[in-house]
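Contents: one structure, followed by commentary.
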Amino acid sequence: STAKNIEDNIVSDPTKHSVIEGACPNWRENVRYALAQTDKEGVQDALHHVTSTKGRLAAAKKKMLDLFCRQEVVLQLHETSLKESLRHLTSGSQIDTSNSLSAIASGDEQE
24 STAKNIEDNI VSDPTKHSVI EGACPNWREN VRYALAQTDK EGVQDALHHV TSTKGRLAAA
84 KKKMLDLFCR QEVVLQLHET SLKESLRHLT SGSQIDTSNS LSAIASGDEQ E
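Counting in the working numbering, the sequence shown runs from 24 upward without gaps.
Here is the structure:
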C-alpha cells in the first residue's frame, strides 16, 4: 500500500526516522490521515500550506546560516588579533597599530 511504502521509506533511514519520531510521534497516523482524504481542494490547500511553510523555513535557514558565517568570520578576526597581541606581549615586542588606530579614528573599522 502507499502508506506502507511511505512508512518503509522513513523507517529505512535511521536519521530521518529518529528526527520524525522526535518531532512528530504520530507521523504514521498523519500519513494515513492524509491518504484517506477525499476533498481534493482541501488536500491542495494543505499541500500549498506545507510547501509555502517549507519555503519560508528554507529562507530562514539561509538567513541564519549567513548570520552564523558572518559571526564566525568576525570571531576569527578577533581571535587572530588577540593571539597576535598575546604573542607580542609574551615576547616583549611592540606592535605597530598605526594603521589600525587611524582606521578606528576615521570610522572605517568594521566589526
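By construction, the Cβ of each residue, glycine as well, lies at the ideal position given by its N, Cα and C atoms.
Legend entry - Cβ shell of GLN99 (< 7 Å), same chain only, five flanking positions each side left out: The sequence position of residue 99 within the sequence shown is 76, counting from 1. For GLN99, where only same-chain residues beyond five positions count, there are no Cβ hits under 7 Å.
Inset, instruction - Starting from the C-beta of GLN60, find all residues in its chain whose C-beta is less than 6 Å away, skip the five residues before and the five after it, and write them out in chain order. - result: Counting from 1 along the sequence shown, the entry for residue 60 is found at position 37. The residues are VAL66.
Legend entry - GLN133, buried or exposed, once every other Cβ within 10 Å from all chains shown has been counted against 16: Reading the sequence shown from its first residue, position 110 is the one you call residue 133. The predicted model places GLN133 with a pLDDT of 49, which falls under 50 and marks its position as unreliable, so this point remains unresolved.
Inset, instruction - Please report how far the alpha carbon of ASN49 lies from the alpha carbon of ARG55, in whole angstroms. - result: Position 26 of the sequence shown, counted from the first residue, corresponds to residue 49. Position 32 of the sequence shown, counted from the first residue, corresponds to residue 55. Approximately 10 Å between the Cα atoms of the pair.
Legend entry - DSSP three-state assignment for PRO48, whether helix, strand or coil: Taking the sequence shown and counting its residues from 1, the one referred to as residue 48 is at position 25. Coil, per DSSP.
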